[in-house]
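Visitor: Numbered per our numbering, the sequence shown spans residues -10 to 392.
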Amino acid sequence: EMVLSKRSISLPTQQRYHGSLGWLRRIPRRPVVLFTSVALMSWFFVFAWTIQRVSVAHLEQSGANLLNRRTSPSSALHRHSRPSFGTSSKQGEDEFPKKSTQQTTTYRLDATFNGIPLVYQNGHQQIRSSYYCTGRSMGRRSLDGGSEIDDDSWMFRSCRFRNLCFDTNKQDYVMFVPPSKFSHLTETKSEQALALGGINPRWDLRTGEEDKGSWKVKWFPQILSDSISEGGFYQLPSKFIWLPFHSLAAHNVGHLVWDDFYPIFSLLRLFDLQHHDSLHLLPIRQVLKHKLYATCDIRKNKRQQCASNFEKFWPLMGVTPEHFSTTKTFRFDPTKEGEDLKSPLVCASTAVAGLGMLTDHGYRDHGWNENFTFQGYNIPPHNLGRGPNFAAFSNFMAWNLLG
């Protein structure tokens, strides 16, 4: 009797001690509860997937809206904006030359570049280029009174150009200067060099490796005598701002935003070109001759990821994705089928370049890193005092996406 009594008492005690796992045993006996749990979980995943798709669709729709309202031939030619540098041709700076007919007024379009209308300027309308830069001046420097280090002023330099041309045959940029200035500018070209893209500090570790060396993004346009331009050129609408740049690592969305988009915005703001009504940014990603570690062109899959991210997120910067290309994938076509192009040159009245140290990274792996040493010197945190610029960048993207 004692044994039977003990067993009868121990059964509920055992169930009580294992109550935390008892629900697993009870679920099969309660099909309604099991069905409800599965239904709730399914609804949650469907809801999350829907939110993600709606966000992507909104970005794509924003890009489509930009295409319709900001970059069609009619809107690009008729919208008013702040004055820009203008061109040195005799035509008006704010619109294309007109052809008058009895019924209506039309605009002469001779070619397109990435879908943007171009006008051909013949050799009688000579083009001359100029530029001015901001940042550190050329020369060797010392930190904390120590020994001199190699000059890195080109990493901190940004420039605004007037009448910068893209040579579609050579896939690089050129400037046209008077013969009297040609020799001097050619000799001092290296002193005006800038960084086309942000600087990854890891490029300068183990520089003997093939995919290392920040010098690969050091750049300045080729300087030519303006007499060469007499063969003619194609002119972009004056409202377009040409942006040659190199992407740090756009296959990663975080790097895309903070090391491509943010320095691009900072560059525009530096030269007072960030105004929404006048902004028609035309970015062209530079494909380097020498590949760099962790960039878009290091491998095929990185190149595809970069292309996908740019297409999806360019609307944040007010850019129509169809207008974007690299220096190798651009589309340059005459408007009349079967007609030959008259010149390989496509010129913009305004251009900016020099992302360099405008990125979140700076000299560091990330801008928020507190302790960092470069060539034996302590470098202060890169993003100190940049809070107002971050806020302006956030508002700029929100306006482009929602405004």
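Each residue gets a CB set at the ideal place from its N, CA and C atoms; glycine is no exception.
1. Is the separation between the beta-carbon of serine 227 and that of phenylalanine 165 shorter than 9 Å?
2. By the 10 Å Cβ neighbour count, where 16 or more other Cβ atoms means buried, how is histidine 269 classified, buried or exposed?
3. Between which two residues does the alpha helix (DSSP H) containing serine 172 stretch?
4. So proline 333 and aspartate 200 are supposed to be a Cβ contact under 8 Å. How far apart are they, rounded?
5. Quick check on DSSP: helix, strand or coil for glutamine 223?
6. Check whether the Cβ atoms of serine 338 and glutamine 263 lie closer than 9 Å to each other.
7. Taking 8 Å as the limit between beta carbons, can you name the residues of its chain near arginine 399, skipping five residues before and five after?
8. Leaving out five residues on either side along the sequence, give the residues of the same chain with a beta carbon under 8 Å from the beta carbon of arginine 258.
9. Whose C-alpha, out of Cys154, Val108 and Gly374, is nearest the C-alpha of proline 233?
10. From what residue to what residue does the alpha helix (DSSP H) around tyrosine 109 run?
11. Identify the continuous alpha helix (DSSP H) that holds asparagine 389 and give its terminal residues.
12. Tell me the DSSP secondary structure of isoleucine 273 in three-state form.
13. Within its chain, find whatever has a CB closer than 7 Å to the CB of alanine 387; leave out the 5 residues flanking it on each side and keep chain order.
14. Just verifying my parser: in three-state terms, what is the DSSP assignment at cysteine 148?
15. Within the chosen definition, does the segment 324 to 331 reach the segment 100 to 119 through at least 3 CB pairs nearer than 8 Å?
16. Using only the alpha-carbon positions, how far apart do lysine 278 and glycine 202 sit?
17. In angstroms, rounded to a whole number, what distance separates the CA positions of cysteine 336 and phenylalanine 209?
18. Report the option in Asp349, Asn389, Arg320 and Pro370 whose CA atom is closest to the CA atom of glutamine 160.
19. According to DSSP, is lysine 399 helix, strand or coil?
20. Since glutamine 110 contacts glycine 220 with CB under 8 Å, what's their CB separation in whole angstroms?
21. Asparagine 389 and proline 272: beta carbons closer than 9 Å?
22. Rounded to a whole number of angstroms, what is the C-alpha to C-alpha distance between arginine 288 and phenylalanine 299?
23. Under 9 Å, do arginine 353 and tyrosine 282 count as touching if we go by C-beta distance?
24. Select from His355, His371, Ala340 and Pro310 the residue whose C-alpha is nearest the C-alpha of isoleucine 230.
25. Judging by CA-CA distance, which residue of Asn290, Glu311, Lys280 and Glu326 is the nearest neighbour of asparagine 241?
26. Are the CB atoms of glycine 351 and isoleucine 188 nearer to each other than 9 Å?
27. Just to confirm my understanding: we take histidine 244, look at its own chain, exclude 5 residues before and 5 after, and list those with CB closer than 7 Å. What are they?
28. Using 9 Å as the threshold, is the C-beta distance between serine 119 and asparagine 152 below it?
29. Put alanine 283 into one of helix, strand or coil per three-state DSSP.
30. Using 10 angstroms around the beta-carbon of serine 383, count the other beta-carbons present and answer buried if the total reaches 16, otherwise exposed.
31. DSSP state of tyrosine 352, grouped into three classes?
32. Is it true that the CB of histidine 235 sits closer than 9 Å to the CB of glutamine 275?
33. Name the DSSP bridge partner or partners of valine 308?
34. Comparing C-alpha positions only, which one of Val308, Ala296 and Gly327 sits nearest to threonine 318?
Guide: So, to answer that:
1. no
2. Taking a 10 Å sphere around the C-beta of histidine 269, we find 16 or more other C-beta atoms and assign the residue as buried.
3. 168 to 176
4. Actually they are not in contact, since the Cβ atoms of proline 333 and aspartate 200 sit about 31 Å apart, beyond 8 Å.
5. In the sequence on display, residue 223 carries tyrosine and not glutamine. Of the three classes helix, strand and coil, the one that applies to tyrosine 223 here is strand, per DSSP.
6. no
7. Residue coverage of the chain in this structure runs from -10 to 392, which leaves residue 399 outside it and unanswerable.
8. Correct list, in chain order: Asn378 and Ala381.
9. Cys154
10. Careful: tyrosine 109 lies outside any alpha helix (DSSP H), inside the beta strand (DSSP E) at 105 to 110.
11. Annotation: the continuous alpha helix (DSSP H) that includes asparagine 389 extends over 376 to 391.
12. strand
13. The answer is none, since no qualifying residue turns up.
14. strand
15. yes
16. 13 Å
17. 16 Å
18. Answer by Cα proximity: Arg320.
19. The requested residue 399 does not occur in the structure, where the chain is confined to residues -10 to 392.
20. 10 Å between Cβ atoms; not a contact.
21. One thing to note: asparagine 389 has its Cβ no nearer than 9 Å to the Cβ of proline 272.
22. 17 Å
23. no
24. Distance check between isoleucine 230 and each of His355, His371, Ala340 and Pro310 places Ala340 closest, using alpha-carbon atoms only.
25. Asn290
26. yes
27. Closer than 7 Å at Cβ, skipping near neighbours: Leu237 and Ala238.
28. yes
29. Three-state result, alanine 283: coil.
30. exposed
31. coil
32. yes
33. According to DSSP, valine 308 bridges with nothing at all.
34. Ala296
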